[in-house]
Structures are given as structure tokens and as C-alpha cells.
């Protein structure tokens, strides 16, 4: 199993079956047999930004911690954001976040990510 890397819609999901993609650890390149993630998060409303904390374990060893905020929104024809989208741009999911990664086996740094996905209904 490999931890890290980027998700791409170009490749079939079965090709990367042994790879774990975690947005805040995209630049990590670790290998092991067993990955666990413990964490918690809180938000004041559904579909609003949420604060999170994760602890990452690989082969029963703590890699490090990550914390920050994450937000997911949808661009659909029926949503307020969909009214501003150009024609033909709908059913999109946008994920973005800002987090801090720290730990003994991870570099201490800030991470930012953005993902745009087509959600086929």
C-alpha cells in the first residue's frame, strides 16, 4: 500500500487500488501494509466549512497530525451558485481546504488543496 499522491479522473479507480489518497498528505510518499486515520471534525451547519483534526498511522506507527479547515460545495442548476455558472457547467463538486501537517515523520508545513470533480447523477 502506498500513501500519498494525487487523484486523477483519467485513470480507472482499479489501477490505484493499493494507493490511499489524502488531500493534506498528497506530497507524502510512504509505503506500508496498514493505514489508519483517527480524527474528529466540527461544523456549525451542514454543507458549511468544517474544522478537523486527523492523526495518521502507518503500520502501527504515528506518522503525524493534520488539522485545519475543509469545505465542499456543489455547483448544481438548482443552487444559488448554479445561477452564475456558464451554460453546460453543472453537477460539479469543488473541494478545498487549508491544513497544517506536523509530526516526527512528516514535514511541518502548511498545505492547501483544491479539487474539482464532475458528479454524475
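Numbering (my numbering), first residue to last: 6 to 126. Glycine included, every Cβ here is placed at the ideal spot set by N, Cα and C.
Residue i and residue j closer than 9 angstroms at C-beta
i           : j          : result
residue 108 : residue 70 : yes
residue 64  : residue 23 : no
residue 42  : residue 60 : yes
residue 55  : residue 26 : no
Residue i (DSSP reduced to helix, strand or coil)
i           : result
residue 30  : helix
residue 51  : coil
residue 68  : strand
residue 112 : coil
residue 107 : strand
Spatially closest choice to residue i from the options, by CA coordinates
i           : options        : result
residue 80  : 67, 97, 29, 39 : 97
residue 119 : 31, 25, 44     : 31
residue 67  : 110, 55, 123   : 110
Buried versus exposed call for residue i [16 or more other C-beta atoms within 10 Å across all chains shown]
i           : result
residue 47  : exposed
residue 114 : exposed
residue 106 : buried
residue 102 : buried
For residue i: DSSP bridge partner residues
i           : result
residue 100 : 77, 120
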